[in-house]
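Each remark here refers to the structure printed beneath this line.
Chains as they are written, first to last, in my numbering: chain A, 373 to 623; chain B, 260 to 341.
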């Protein structure tokens with residue numbers, strides 16, 4: 373069987389109702405993984421997406437709504453996923469929110485919310501997920517960082533801080549969980565065309581584009597294929613890495 | 260199948276690599292070198308796997324003795340027979 377196949381494995385992708393998370397769930401399912409979707413939107417929509425993915429790829433796919441800002445909800449998500457699927461091999465910590473705003477204009481509630489979802493939610497998911505993976509002898513955890521977590525960006529101090537924290541979490545978890553057979557890596561997307569970036573004005577988009585060596589914005593599928601690489605056996609000896617998916621973007 | 264206290268003793272012994280000489284029911288966290296923070300997580304993983312439970316983080320932090328393990332398992336609907 374090809375090393376890129378994930379048959380017989382179960383993947384949980386947080387924040388997979390749209391964008392990069394959705395493309396990742398679709399990509400992992402297309403390569404044979406049973407998939408647990410997660411999101412915050414209407415349960416019927418998530419259920420519909422799960423049914424469609426299951427039909428398209430001939431895998432099991434279920435949806436478990438949960439707010440990643442709530443430690444209890446994150447615990448419930450992991451438990452529900454494990455109980456439904458019977459195993460957990462791949463955890464993709466994708467759920468995240470933007471918190472754009474210049475320093476001095478960031479309300480405390482927004483700071484708390486962004487850090488709760490992007491950092492604490494991921495940490496709680498990894499804590500429980502790693503224990504569940506241990507039962508199957510190991511697994512792969514992939515976090516979604518960002519180019520701004522490595523380089524910084526004016527107007528994104530909060531978001532960048534949360535993504536930099538994710539990188540620290542990823543590197544530490546890789547060291548702690550490696551002996552248990554669990555690999556932990558991050559992908560750091562650059563400018564990816566998703567709902568999160570659709571609101572930017574044309575002038576700004578044009579300026580960003582000039583800074584990208586490959587001459588195009590990334591797609592959610594570009595990121596999903598990198599997650600696939602890190603999720604499976606193609607990267608069996610890769611852990612504690614932050615892999616840029618940014619088309620050679622200079623910031 | 261009904262679980263017994265002996266199953267729990269064996270899980271402790273195996274997860275922490277304890278010799279037969281250790282009195283497991285009297286055991287407390289850090290009372291033996293094997294039950295350190297690393298051993299603790301191995302013990303938690305072994306308990307979860309053996310008794311098919313998924314523990315809350317607060318319970319993992321509270322798990323400081325054999326007796327506490329019995330209590331936490333009971334809270335998770337695992338009643339151990341003597």
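Where is the CB? At the ideal position from N, CA and C, for every residue including glycine.
Q: Please list, in chain order, all residues of the same chain as residue 437 (chain A) whose beta carbon is under 8 Å from its beta carbon, the five residues on each side excluded.
A: Working through the first chain from its first residue, we reach residue 437 (chain A) at position 65. Shown here for residue 437 (chain A): same chain residues with a beta carbon closer than 8 Å to its own, the five before and five after excluded, namely 410, 411, 412, 413, 415 and 418 in chain order.
Q. What residues in its chain sit with their C-beta under 7 Å from that of residue 318 (chain B), if we drop five residues either side in the sequence?
A. Taking the second chain and counting its residues from 1, the one referred to as residue 318 (chain B) is at position 59. The beta carbon of residue 318 (chain B) lies closer than 7 Å to those of 331 in the same chain, with the five residues before and after it left out.
Q.
Assuming contact is defined by CB atoms lying nearer than 8 Å, are residue 556 (chain A) and residue 570 (chain A) in contact in what I supplied?
A. By one-based count along the first chain, residue 556 (chain A) stands at place 184. By one-based count along the first chain, residue 570 (chain A) stands at place 198. Remark: C-beta atoms of residue 556 (chain A) and residue 570 (chain A) do not approach each other more closely than 8 Å.
Q | Three-state secondary structure assigned by DSSP to residue 268 (chain B) | A | Taking the first residue of the second chain as position 1, residue 268 (chain B) is located at position 9. Residue state, collapsed to three classes: helix.
(Q) My assumption, with CB atoms under 8 Å, is that residue 618 (chain A) sits in contact with residue 527 (chain A). Please give the rounded CB distance. (A) Mapped onto the first chain, residue 618 (chain A) falls at position 246. Mapped onto the first chain, residue 527 (chain A) falls at position 155. In this structure, residue 618 (chain A) and residue 527 (chain A) do not form a Cβ contact; the two beta carbons are roughly 18 Å apart against a cut-off of 8 Å.
(Q) Against residue 503 (chain A), what residues of chain B qualify as contacts under a CB-to-CB distance less than 7 Å, listed in chain order? (A) For the purposes of this step, residue 503 (chain A) is identified with residue 131 of the first chain, where counting begins at 1. Neighbours of residue 503 (chain A) on chain B, chain order: 303, 304 and 307.
(Q) Counting only beta-carbon separations shorter than 8 Å, does residue 316 (chain B) have a partner in chain A? (A) Position 57 of the second chain, counted from the first residue, corresponds to residue 316 (chain B). By the rule that beta-carbons nearer than 8 Å mark a contact, residue 316 (chain B) touches chain A.
Q) What does a CB cutoff of less than 7 Å around residue 270 (chain B) pick up in its chain, not counting 5 residues either side in sequence? A) The sequence position of residue 270 (chain B) within the second chain is 11, counting from 1. Excluding residues within five positions, the ones whose Cβ falls inside 7 Å are 305, 306 and 309.
Q) Would residue 547 (chain A) count as contacting chain B if we go by Cβ distances under 8 Å? A) In the first chain, counting from the first residue as 1, residue 547 (chain A) sits at position 175. Not closer than 8 Å to any Cβ of chain B, the Cβ of residue 547 (chain A) fails to qualify, so no.
**Q.** Backbone secondary structure at residue 555 (chain A) - three-state DSSP
**A.** Mapped onto the first chain, residue 555 (chain A) falls at position 183. Residue state, collapsed to three classes: strand.
(Q) Among the candidates A:505, A:616, A:497 and A:536, whose CA atom is the shortest distance from the CA of residue 444 (chain A)? (A) Numbered from 1 along the first chain, position 72 holds the residue referred to as residue 444 (chain A). Taking each of A:505, A:616, A:497 and A:536 in turn and checking the Cα distance to residue 444 (chain A), the smallest one comes out for A:497.
Q) Does residue 454 (chain A) have its Cβ less than 8 Å from a Cβ in chain B? A) Against the first chain, residue 454 (chain A) aligns to sequence position 82. So yes, residue 454 (chain A) belongs to the interface.
Q. Taking just the CA atoms, how far does residue 375 (chain A) sit from residue 608 (chain A)?
A. Here residue 608 (chain A) refers to the residue found at position 236 when the first chain is read from its first residue. Here residue 375 (chain A) refers to the residue found at position 3 when the first chain is read from its first residue. So the alpha carbons of these two residues sit roughly 10 Å apart.
Q.
Below 9 Å on C-beta distance, what does residue 447 (chain A) contact in chain B?
A. Residue mapping note: residue 447 (chain A) aligns to position 75 of the first chain, counting from 1. In chain order: 313, 315 and 316.
Q: Consider the Cβ of residue 535 (chain A): report whether some Cβ of chain B lies at a distance smaller than 8 Å.
A: Your numbering for residue 535 (chain A) matches position 163 in the first chain. So, not an interface residue.
**Q.** Proximity test, Cβ basis, 8 Å: residue 507 (chain A) and chain B
**A.** For the purposes of this step, residue 507 (chain A) is identified with residue 135 of the first chain, where counting begins at 1. Residue contact check for residue 507 (chain A) against chain B: a CB pair falls below 8 Å.
Q.
In whole angstroms, give me the CA-to-CA distance for residue 329 (chain B) and residue 338 (chain B).
A. One-based indexing of the second chain puts residue 329 (chain B) at position 70. One-based indexing of the second chain puts residue 338 (chain B) at position 79. A straight-line Cα-Cα distance of about 8 Å links residue 329 (chain B) and residue 338 (chain B).
Q) Using a beta-carbon distance cut-off of less than 8 Å, what residues from the segment 485–503 of chain A approach chain B? A) Among the residues of the segment 485–503 of chain A, those with a Cβ less than 8 Å away from any Cβ of chain B are 496, 499, 500 and 503, in the order of the chain.
Q | Within 8 Å, strictly: CB atoms of residue 434 (chain A) and residue 462 (chain A) | A | The sequence position of residue 434 (chain A) within the first chain is 62, counting from 1. The sequence position of residue 462 (chain A) within the first chain is 90, counting from 1. No, Cβ-Cβ distance for residue 434 (chain A) and residue 462 (chain A) is not below 8 Å.
Q) Going by the CB atoms, is the gap between residue 615 (chain A) and residue 400 (chain A) shorter than 8 Å? A) Along the first chain, one-based indexing puts residue 400 (chain A) at 28. Along the first chain, one-based indexing puts residue 615 (chain A) at 243. For residue 400 (chain A) and residue 615 (chain A), no; Cβs fall outside 8 Å.
Q) In the DSSP assignment, what are the bridge partners of residue 340 (chain B)? A) Walking along the second chain from the start, residue 340 (chain B) turns up at place 81. Bridge partners of residue 340 (chain B): B:263.
Q.
Just to confirm before moving on: does the CB-CB distance between residue 286 (chain B) and residue 325 (chain B) stay below 8 Å?
A. Start at 1 with the first residue of the second chain, and residue 286 (chain B) comes out as number 27. Start at 1 with the first residue of the second chain, and residue 325 (chain B) comes out as number 66. Inclusion of residue 286 (chain B) and residue 325 (chain B) in the CB contact set at 8 Å is warranted, their separation being smaller than that value.
(Q) Spatial neighbours of residue 334 (chain B) within its chain, please: C-beta separation below 8 Å, excluding the five flanking residues on both sides. (A) For the purposes of this step, residue 334 (chain B) is taken as the residue at position 75 of the second chain. Cβ within range, chain order: 318.
**Q.** Identity of the residue in A:397, A:379 and A:380 nearest residue 386 (chain A) by Cα
**A.** Counting from 1 along the first chain, the entry for residue 386 (chain A) is found at position 14. That would be A:397, whose Cα lies nearest to the Cα of residue 386 (chain A).
Q: Check residue 528 (chain A) in the structure and name its three-state DSSP category.
A: One-based indexing of the first chain puts residue 528 (chain A) at position 156. Under the three-state reduction of DSSP, residue 528 (chain A) is assigned to strand.
Q) First and last residue of the alpha helix (DSSP H) that includes residue 502 (chain A)? A) Numbered from its first residue, the first chain carries residue 502 (chain A) at position 130. Start and end: 493–507.
**Q.** Runs of alpha helix (DSSP H) wholly within the segment 456–489 of chain A (minimum 4 residues, chain order)
**A.** Within the segment 456–489 of chain A, the runs of alpha helix (DSSP H) that reach at least 4 residues and sit entirely inside it are, in chain order, 480–487.
Q: Check residue 542 (chain A) in the structure and name its three-state DSSP category.
A: Locating residue 542 (chain A) in the first chain gives position 170, where the first residue counts as 1. Secondary structure of residue 542 (chain A) (DSSP, three-state): helix.
Q.
Let me check one thing: in DSSP terms, what residues is residue 615 (chain A) bridge-paired to?
A. Reading the first chain from its first residue, position 243 is the one you call residue 615 (chain A). According to DSSP, which records beta bridges pairwise, residue 615 (chain A) is partnered with A:559.
Q. How about residue 504 (chain A) and residue 549 (chain A): do their beta carbons lie closer than 8 Å?
A. Taking the first residue of the first chain as 1, we reach residue 504 (chain A) at position 132. Taking the first residue of the first chain as 1, we reach residue 549 (chain A) at position 177. Contact check for residue 504 (chain A) against residue 549 (chain A) fails: the beta carbons are separated by 8 Å or more.
Q | Same chain, Cβ closer than 8 Å to residue 590 (chain A), neighbours up to 5 away in sequence not counted | A | As a position in the first chain, residue 590 (chain A) is number 218, starting the count at 1. The answer, listed in chain order, is 561, 562, 563, 564, 565, 617, 618 and 619.
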